[in-house]
Structures are given as C-alpha cells and as structure tokens.
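See below for the structure under consideration.
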Amino acid sequence: MSNARAYSAASAKSPLTAAQIKRRDLTDYDVQIEILFCGICHSDVHSVRDEWNRTVPTTYPIVPGHEIVGRVTKVGPSVKKFKPGDLAAVGCLVDSDGSCPHCKAGHEQFCSNMTLTFNSPDKHLGGVTYGGYSENIVVDERFVLRVPSNLDLAGTAPLLCAGITTYSPMRHWNVTKGKKVGVVGLGGLGHMGVKFAHALGAHVVVFTTSPGKKEDALRLGAQEVVVSRNAAEMRKHHDSFDFILDAVSAHHDINAYLDLLRPDGNITLVGAPAKHLEFSAFSLIMGRRSLSGSLIGGIAETQEMLDFCGAHNITADVEIIPIQKVNEAYERLLKSDVKYRFAINMESLKA
1 MSNARAYSAA
11 SAKSPLTAAQ
21 IKRRDLTDYD
31 VQIEILFCGI
41 CHSDVHSVRD
51 EWNRTVPTTY
61 PIVPGHEIVG
71 RVTKVGPSVK
81 KFKPGDLAAV
91 GCLVDSDGSC
101 PHCKAGHEQF
111 CSNMTLTFNS
121 PDKHLGGVTY
131 GGYSENIVVD
141 ERFVLRVPSN
151 LDLAGTAPLL
161 CAGITTYSPM
171 RHWNVTKGKK
181 VGVVGLGGLG
191 HMGVKFAHAL
201 GAHVVVFTTS
211 PGKKEDALRL
221 GAQEVVVSRN
231 AAEMRKHHDS
241 FDFILDAVSA
251 HHDINAYLDL
261 LRPDGNITLV
271 GAPAKHLEFS
281 AFSLIMGRRS
291 LSGSLIGGIA
301 ETQEMLDFCG
311 AHNITADVEI
321 IPIQKVNEAY
331 ERLLKSDVKY
341 RFAINMESLK
351 A
C-alpha cells in the first residue's frame, strides 16, 4: 500500500478537507494514474451530503470524484493497453463481475456487482473506494480509458460522466443527421447534449426558462432556442421532435415536452428530480411516444464517446479551480453559478 494526498469529508455536514488515504499496490492487471484534473459532478455533492441515503447511503470518510483524467505512472506486468506516460481517464466505474449478461453485452453500468469509483465496497483494501479528489488512483486496466491527445485535459474530465450520460441515449435513440432534437435545460449535462446533437448532425432546439441563455445556446450549437414558459413558442413545435433529452434535475412539467414529440418520438430523462414527475398516459398513447431514462454507459461506449470527442474536438466548458476552493464550488454549483462544469486542477493538492 501507499499513501496519497486527497480531500475528504468526515460527515454529511463536514466540509471537504485535506487528508491522507491508502492506495493499493498494483496487481498484474492494474494501472496507476497520476490525476491531473477531476471534474465536479452534482452527484459528488449528493454523496458528500448523504442526500441519497435511502438508496445509496454514504460511508465516511468519503473521497468523491468520478471524472478523472491523468497520466499513467505505473502498470502491472500483465497490462497490455497502457504504458507509463500515456494519457488515461477513469469514469464512474472501476470494476464489475464481468460474467453477468450485462457485462457480456458491454453494459457494465447495469451490473448488479459493479464497483463505483467512490463509496463502493473495496474488495482490495476493505472499507469503500476513494475517488478522484486525490493525487493518484489504481484501477484495473479494463476500466481505464484512452484520452485523445488533441483534447484539452481540463475540459475532458467532465466527459467521463456528463459526456457519456448525454452521448449514450443519443446513440441508443439513433440521433443522426436530419433528426430534430430538443435539449431541456442548459447546464452541465444540457450543454454537452447540445454539443453532441450538433456534432451528430441533428437540428438542435434548446428549451430554457432563462431568456438570457439564448446566446450561449446558439454558440454551443443550437439552431433554435425556446423559452419554455412561453406557451405560444412551445405550441409552434407541437408534434415535431424525434428525440428530446431532458437534463433538468428540478421538478417540472414533463407533459409539456411529451406533446412536442412526433409519433414514435422519445424523451429520455438524464436529470434526476427528487419529486416524482406526473405524466399523461394519453400523451404517450396517442403518438406511440415513449418516455425513458438513461444512466452513463458501458466502458466500450465511453471509449467510443471519447474517440468521437477527439474526432470532433468536443470538450466540456469548464471553470478550473484549485482543490482548496472545492467547498465554495459546491455552493456555487447548487446555485447554477458555473458555465458549465468545474474541473479541479489536482496539481493544487501539492500547495
């Protein structure tokens, strides 16, 4: 084992502070990565504050972070895909059983025995896994991803969660050239949805409650922007969308968007409102429309997403912060005071 500098929280009401954690020695198939940047995901905040305790209770101390980009420093003797000096990334998963139908189909995110990057049982050291708010991490090579060399590393970090969360449903529902795609909400997830839909050749319409976001939406790749509180603007798009990505995590009227789908159209939820959303069965029945949800993606699809980003020069819009400002960043994130994701420069851990 070795020691690593990190930031952790001791309880649901404690701030994140400097700490020392243990990292395992490399096994034959392990890769050690020096972490250069780690994105801040809204789920980091939920986990640190134990806000998902009914489904995923937090074990303390917690070291969050699952949007990890870094450089390989060591590899186990049986590792074939990476060598020291390579750029590498780690997302939300660091292990799965590899034998269930989901894993065999390349959908490790649905494995009932998957190991999350943080706050999952750690079969190597006991306790729970520690995430990317740290100077390094050791991960089985099956869950390590290649980073295209042309991409900005700070902007790449959020791709490991926000990127794959929005890319995966677009691929699943066949977003291609000529399709009309809506993106509801222009935040950390929504801004990635706009970039992907545009790069896939779709006609992109952003729905927002904030008229002031129009200029940014157009800059990111949207062709149209609709203020969702304007009923007349909404009616203009009735029965016309092939696909809508709903990236809103606050309670909202889903029926307003269901009625915008053309027959056989789909709306996929990637935001996670705390309150239940109510929908009209007739909005689905009358057009054979569908409502679904989506969770990240498997390892192969995440690599596909990174390669797609490399080919189209897509990264997240980020504000880079030192680790010492992480607690302030959490408060700002809750106020949507960031365009559009935070990326922690992990070099600041050495300060």
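Numbering (this note's numbering), first residue to last: 1 to 351.
Quick reminder that beta carbons are idealized off the backbone N, C-alpha and C, glycines included.
Fair warning: this is a prediction, and the values are worked out from it, not measured in the lab.
- With fewer than 16 other Cβ atoms from the protein chains shown falling within 10 Å of its own Cβ, Pro84 counts as exposed.
- In this structure, Glu141 places its C-beta atom within 7 Å of the C-beta atom of Lys81.
- Taking a contact to require three or more Cβ pairs closer than 8 Å, the region 140-156 and the region 299-317 qualify as touching.
- Judged by DSSP secondary structure, Asp307 falls outside any beta strand (DSSP E) and instead within the alpha helix (DSSP H) spanning Ile299 to His312.
- Of the residues assessed, Met286 falls on the exposed side of the cut-off, its CB having fewer than 16 other CB atoms within 10 angstroms.
- Residue range His203 to Thr208 is occupied by the beta strand (DSSP E) that includes His203.
- Per DSSP, the unbroken alpha helix (DSSP H) holding Ala232 starts and ends at Ala231 to Arg235.
- Judged by DSSP in its simplified three-state form, Glu224 adopts strand.
- The residue from Ala9, Ala18, Ser14 and Gly126 with its alpha-carbon nearest to that of Ala351 is Ala18.
- In the DSSP assignment, Arg5 falls within the beta strand (DSSP E) that extends over Ser2 to Ser8.
- In this structure, Phe279 places its C-beta atom within 7 Å of the C-beta atom of Ile254.
- As for any alpha helix (DSSP H) of minimum length 4 sitting wholly inside the region 121-207, the runs are 153-156, 162-172 and 188-199, ordered along the chain.
- Taken atom to atom, the span from the alpha-carbon of Asp259 to that of Cys309 is near 32 Å.
- When C-alpha distances from Leu116 are compared across Ala105, Thr302, Val128 and His107, the shortest belongs to Val128.
- Less than 7 Å separates the beta-carbon of Ile35 from that of Ile68.
- Here DSSP, grouped into helix, strand and coil, assigns Arg332 to helix.
- DSSP links Ser292 through a beta bridge to Thr268.
- Residue range Pro101 to Lys104 is occupied by the alpha helix (DSSP H) that includes Cys103.
- The three-state secondary structure of Ile254, taken from DSSP, is coil.
- Three or more Cβ pairs closer than 8 Å define a contact, and the region 44-64 falls short of that threshold against the region 98-110.
- Within its own chain, the residues whose Cβ lies closer than 7 Å to the Cβ of Gly131, once the five positions on either side in sequence are excluded, are Val63, Pro64, Gly65, His66, Thr117 and Phe118, listed in chain order.
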